[in-house]
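Notes for the one structure printed next.
Protein chains: 2
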Amino acid sequence: MRERNRHRGRCERAQPQDRPETGASGGSPADEDFLTLGHEAVGVVEDPGDTDFERGDVVTPTVRRPPPTGPNEYFERGGADMAPPEATVERGIDRAHGFMSEYFTSPAEFLVPVPEELAELGFLIEPASITEKALELAEASRSSFAWDPETALVLGNGSLGILTVAMLVDGMEVYCLGRRDRPDPTIDIVEKLGATYVDSRETPVDEIPDVHEPADLIYEATGYAKHAFQSIDALAPNGVAALLGVPEAWNFEIDGGRLHGELVLKNKALVGSVNSGPRHFRAGIERLQSLPSWFFEDYLTRVVHYESFEEAFERSETTIKTAVAFDSL
Amino acid sequence: MRERNRHRGRCERAQPQDRPETGASGGSPADEDFLTLGHEAVGVVEDPGDTDFERGDVVTPTVRRPPPTGPNEYFERGGADMAPPEATVERGIDRAHGFMSEYFTSPAEFLVPVPEELAELGFLIEPASITEKALELAEASRSSFAWDPETALVLGNGSLGILTVAMLVDGMEVYCLGRRDRPDPTIDIVEKLGATYVDSRETPVDEIPDVHEPADLIYEATGYAKHAFQSIDALAPNGVAALLGVPEAWNFEIDGGRLHGELVLKNKALVGSVNSGPRHFRAGIERLQSLPSWFFEDYLTRVVHYESFEEAFERSETTIKTAVAFDSL
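This is the structure in structure tokens:
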């Protein structure tokens with residue numbers, strides 16, 4: 011079942027713009043003092059072993075693998091994305107080495123075929139799948155009644171936020187929250203996509219309904235804990251906020267009575283979402299294929315060869331998404 | 011489309027045990043200074059008018075009606091329970107007189123037929139429908155993955171909490187939170203139903219997982235705002251808390267960072283739920299028919315004739331549910 015991939019593709023380093031990189035979540039494999047990064051990857055099958063893959067197939071790996079204690083119910087039913095933290099490890103993030111290497115191995119069940127035309131951008135399938143999973147949970151939460159979301163609010167103009175704006179603009183009025191000054195390349199992309207940039211320093215999340223309009227769907231990609239609770243006020247009746255950030259402990263005051271009543275009287279929902287599975291990867295592929303090519307040109311701001319990997323950690327005002335290339339595909 | 015009902019049944023006054031009756035929500039019809047109570051009712055059709063009902067049919071009315079501005083999209087598609095507060099009135103609660111009278115009228119679309127054997131208890135269909143709607147929303151929110159809830163936690167041993175415990179015990183391990191001393195008739199019912207009573211003064215909501223076990227499903231019927239947020243910690247991974255209380259404004263501190271991360275890393279959800287529609291009434295009927303008769307005997311602690319209505323407002327330690335009778339069915 012195991013196969014070897016010659017990893018000629020790219021490993022990506024996410025650059026969330028709205029949260030500090032504290033290294034507070036995730037960690038090295040047991041008995042090791044380092045972690046190979048890379049959880050957004052694309053590669054080419056070098057040795058398919060005993061699988062249905064063929065040499066030369068382009069694939070992208072999912073992130074979760076069974077924990078050291080072995081496979082559990084979540085993995086057995088193909089729902090590793092719903093496993094609690096103790097029931098999984100995450101390659102490149104938590105207790106398992108990532109894919110940022112010339113070769114990596116993976117069981118076939120954790121590899122998703124990538125169409126040839128998306129091969130060069132295959133490392134975007136994992137972040138797209140994160141959004142697909144969150145949207146799936148959000149939509150499911152509204153599936154017991156007629157719900158036709160018209161307005162979406164994406165919190166965060168980091169690489170995940172921008173990608174999500176691109177994935178949502180076909181069919182919805184989209185707002186994207188950030189706290190950057192113009193000129194800024196992320197604001198440019200947001201506006202080129204037809205979405206509206208909202209500066210959180212001028213318009214806090216809970217004032218967006220008054221200044222713009224309430225949102226049927228909120229996608230939180232800032233990791234800023236107050237946003238999770240301010241979202242309740244920014245939602246339209248029957249709206250849902252998908253939460254994706256993992257902030258550290260932070261005590262603050264809320265008007266919990268009013269927010270509780272707001273959730274109830276307007277049938278609102280908050281859904282947390284982490285990780286993603288093969289079906290979300292496949293949905294991500296389909297959605298990425300529908301995006302215009304200019305988006306990827308503007309979005310992928312740097313490709314660094316792995317021998318110059320330090321450069322991938324350099325930040326500038328114009329950085330959106332950086333890829334690390336091991337070989338050409 | 012209008013019909014007249016001779017209301018020979020019962021109107022019920024909810025007695026939530028865990029929240030004060032402040033009269034802070036709801037109100038009189040415009041240009042009137044009183045509100046006829048009664049939103050949990052059963053009656054008999056006296057004059058079916060131009061409807062499909064027949065004289066003598068036992069019916070229970072739904073609560074929401076179009077606002078003074080007239081029917082809107084929610085009513086047009088039969089989804090009044092999802093209308094925001096400004097798009098509806100509520101009979102017996104908010105800006106429309108209730109059913110606590112000898113006769114009331116209602117369009118046929120807002121009347122649900124009641125089976126003969128449930129006629130005497132038909133006023134319990136509305137509260138049961140409130141739970142059905144909340145469970146529908148909660149289950150929908152978990153419908154995108156394999157979810158088989160085994161443990162439920164009902165917050166509140168008021169009349170709605172107790173009824174919900176009865177509705178959930180078939181198939182789940184149920185805990186019910188209250189803050190009453192033994193001996194107490196609600197604790198007796200909880201235990202007779204096979205559920206476990208949890209005293210919130212000994213075990214706060216967020217400590218229930220340690221003392222007992224985490225809950226796949228939480229049903230909040232206390233209206234105590236801190237419970238909405240403590241629920242996040244009381245949930246098992248992939249769990250959902252259905253919120254039903256409408257507390258007043260109340261500022262308090264939470265560890266918003268940790269709770270945000272808890273929602274995300276364990277794919278948890280909070281869903282607010284208000285009101286209910288005809289399909290929830292029908293589901294409530296089915297569920298009530300499955301409950302043992304002893305439950306209703308223990309639960310309905312008092313029936314008061316409407317001419318002695320003041321007695322229905324008297325409270326005692328043994329009161330669970332009081333009905334006001336206008337005529338025998």
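Quick note, the sequences are listed as chains W and G, same order.
Its first residue numbered 11, the first sequence is counted upward by one per residue in this note's numbering.
Its first residue numbered 11, the second sequence is counted upward by one per residue in this note's numbering.
Note that the Cβ used here is the ideal one computed from N, Cα and C, for glycine as well.
It should be emphasised that the depicted structure is a prediction, and the values quoted were computed from it without experimental measurement.
C-beta neighbour in chain G for Ala322/W, strict 7 Å:
Here the question's residue 322/W lines up with position 312 in the first sequence. No, Ala322/W does not count as interfacial toward chain G.
Within 7 Å (strictly less), CB to CB, does Pro81/W reach chain G?
Position 71 of the first sequence holds residue 81/W. Taking Cβ atoms only, chain G never reaches closer than 7 Å to Pro81/W, which makes this a no.
Collapsed DSSP secondary structure at Pro117/W in the structure displayed
As a working note, residue 117/W is residue 107 in the first sequence. Three-state result, Pro117/W: strand.
Could you name the residues of chain W that Asp265/G contacts, counting a contact when the two beta carbons are closer than 9 Å?
Against the second sequence, residue 265/G aligns to sequence position 255. Within 9 Å Cβ-Cβ: Ala235, Ala259, Trp260, Asn261, Phe262.
Just to make sure I have the definition right: I need the residues of chain G whose C-beta is within less than 7 Å of the C-beta of Arg268/W. Which are they?
On the first sequence, residue 268/W is found 258 positions in, with the first residue counted as 1. In chain order: Ala259.
Could one say the Cβ of Val99/W lies closer than 7 Å to chain G's Cβ atoms, at least one of them?
Walking along the first sequence from the start, residue 99/W turns up at place 89. False, the Cβ-Cβ gap to chain G never drops below 7 Å.
For Asp60/G, is the classification buried or exposed, using 16 other Cβ atoms within 10 angstroms of its Cβ as the cut-off for buried?
As a first step, residue 60/G must be located in the second sequence, where it is residue number 50. Asp60/G is exposed by the Cβ-count criterion.
His315/G to Leu147/W span [Cα, whole Å]
Residue mapping note: residue 315/G aligns to position 305 of the second sequence, counting from 1. Residue mapping note: residue 147/W aligns to position 137 of the first sequence, counting from 1. The alpha-carbon atoms of His315/G and Leu147/W are separated by roughly 49 Å.
Under a Cβ-count criterion, where at least 16 other Cβ atoms within 10 Å of its own Cβ denotes burial, should Gly266/G be classed as buried or exposed?
Taking the second sequence and counting its residues from 1, one reaches residue 266/G at position 256. Buried: at least 16 other Cβ atoms inside 10 Å.
What are the residues of the stretch 153–173 of chain W that lie near chain G, defined by any Cβ-Cβ distance shorter than 9 Å?
Ser153, Ser154, Phe155, Ala156, Trp157
Taking Cβ positions, are Ala251/G and Ile228/G nearer each other than 7 Å?
For the purposes of this step, residue 251/G is taken as residue 241 along the second sequence, with counting starting at 1. For the purposes of this step, residue 228/G is taken as residue 218 along the second sequence, with counting starting at 1. Against a cut-off of 7 Å, the Cβ pair of Ile228/G and Ala251/G comes out as a contact.
Is the shortest distance between the beta-carbon of Phe291/W and the beta-carbons of chain G less than 7 Å?
Within the first sequence, the letter at position 281 stands for residue 291/W. No, because no Cβ of chain G sits closer than 7 Å to the Cβ of Phe291/W.
List the residues of chain G whose Cβ lies closer than 7 Å to the Cβ of Val179/W, in chain order.
Taking the first residue of the first sequence as position 1, residue 179/W is located at position 169. Residues of chain G passing the Cβ test: none, with the nearest at roughly 23 Å.
Does Ile175/W come out as helix, strand or coil in the three-state DSSP assignment?
Position 165 of the first sequence, counted from the start, is the residue given in the question as residue 175/W. Looking at the sequence provided, one finds Val at residue 175/W rather than Ile. Residue state, collapsed to three classes: helix.
Please state if the CB of His49/G and the CB of Ile135/G are separated by a distance shorter than 7 Å.
Taking the second sequence and counting its residues from 1, the one referred to as residue 135/G is at position 125. Taking the second sequence and counting its residues from 1, the one referred to as residue 49/G is at position 39. Their beta carbons are not under 7 Å apart, which means Ile135/G does not touch His49/G by this criterion.
Classify Ser303/W: buried if its beta carbon has 16 or more other beta carbons within 10 angstroms, exposed otherwise.
The residue labelled residue 303/W in the question sits at position 293 within the first sequence. Classification for Ser303/W: exposed.
Taking the continuous alpha helix (DSSP H) assigned at Tyr309/W, which residues delimit it?
In the first sequence, counting from the first residue as 1, residue 309/W sits at position 299. Start and end: 303–309.
In chain order, what are the residue ranges of uninterrupted beta strand (DSSP E) at least 3 long that sit wholly in the stretch 48–78 of chain G?
53–57, 68–71
At least three beta-carbon pairs within less than 8 Å, the stretch 56–76 of chain W to the stretch 118–128 of chain W
yes
By how many angstroms is the C-alpha of Tyr84/G removed from the C-alpha of Pro77/G?
Locating residue 77/G in the second sequence gives position 67, counting from the first residue. Locating residue 84/G in the second sequence gives position 74, counting from the first residue. Straight-line Cα distance between these residues: approximately 11 Å.
Could you tell me whether any Cβ in chain G is nearer than 7 Å to the Cβ of Ser151/W?
Taking the first sequence and counting its residues from 1, one reaches residue 151/W at position 141. Yes, Ser151/W counts as interfacial toward chain G.
Hey, would you say Val215/G sits closer than 7 Å to Ala244/G, going by beta carbons?
For the purposes of this step, residue 215/G is identified with residue 205 of the second sequence, where counting begins at 1. For the purposes of this step, residue 244/G is identified with residue 234 of the second sequence, where counting begins at 1. Cβ distance < 7 Å, so Val215/G and Ala244/G count as in contact.
Which of helix, strand or coil DSSP assigns to Pro288/G
Against the second sequence, residue 288/G aligns to sequence position 278. Correct three-state label for Pro288/G: helix.
So that I know if they touch, is there some Cβ in chain W lying closer than 7 Å to that of Arg75/G?
Start at 1 with the first residue of the second sequence, and residue 75/G comes out as number 65. No, Arg75/G does not count as interfacial toward chain W.
Quick one: residues in its chain with C-beta nearer than 6 Å to the C-beta of Ser210/G, no 5 flanking neighbours on either side, listed in chain order?
Here residue 210/G refers to the residue found at position 200 when the second sequence is read from its first residue. So the qualifying residues of the chain are Leu187, Arg189.
List, from N- to C-terminal side, the beta strand (DSSP E) runs of 3 residues or more that fit wholly inside the stretch 220–306 of chain W.
225–230, 245–253, 261–265, 279–282
Just to make sure I have the definition right: I need the residues of chain W whose C-beta is within less than 7 Å of the C-beta of Pro247/G. Which are they?
Here residue 247/G refers to the residue found at position 237 when the second sequence is read from its first residue. By Cβ distance, chain W contributes Pro94.
Hey, Gly233/W and Pro257/W are a contact pair by Cβ (cut 8 Å); roughly how many whole angstroms apart?
As a position in the first sequence, residue 233/W is number 223, starting the count at 1. As a position in the first sequence, residue 257/W is number 247, starting the count at 1. About 5 Å separates the two Cβ atoms, so the contact holds.
For the beta strand (DSSP E) containing Asp209/G, list its first residue and its last residue.
For the purposes of this step, residue 209/G is taken as the residue at position 199 of the second sequence. That run of the beta strand (DSSP E) goes 206–209.
Interface positions of the stretch 269–281 of chain W facing chain G (Cβ-Cβ less than 7 Å), listed along the chain
His270, Gly271, Leu273, Val274, Leu275, Lys276, Asn277, Lys278, Ala279, Leu280, Val281
Evaluate Phe133/G with the Cβ neighbour count: other Cβ atoms within 10 Å of its Cβ, from every protein chain shown; 16 or more gives buried, anything less gives exposed.
Position 123 of the second sequence holds residue 133/G. Buried, by the Cβ-count rule.
Could you spell out where the alpha helix (DSSP H) holding Leu203/W opens and where it closes?
The sequence position of residue 203/W within the first sequence is 193, counting from 1. Counting along the chain, Leu203/W falls outside any alpha helix (DSSP H), and DSSP gives it neither H nor E.
Excluding the 5 residues flanking Ala144/W on each side, which residues of the same chain have their C-beta closer than 7 Å to its C-beta?
As a first step, residue 144/W must be located in the first sequence, where it is residue number 134. The residues are Tyr229, Ala252, Leu254, Ser283.
Using CA coordinates, which residue listed in Ala150/G, Gly66/G, Arg312/G, Gly53/G is at the minimum distance from Phe114/G?
In the second sequence, residue 114/G corresponds to position 104, counting from 1. Measuring from the Cα of Phe114/G, the nearest candidate turns out to be Gly53/G.
Per-residue burial, Phe291/G [other beta carbons within 10 Å of its own, 16 or more giving buried]:
Mapped onto the second sequence, residue 291/G falls at position 281. Per the 10 Å Cβ criterion, buried.
Run down chain G in chain order and give the residues with a C-beta less than 8 Å from the C-beta of Val284/W.
On the first sequence, position 274 is the one that residue 284/W refers to. The contacting residues are Val274, Leu275, Lys276, Asn277.
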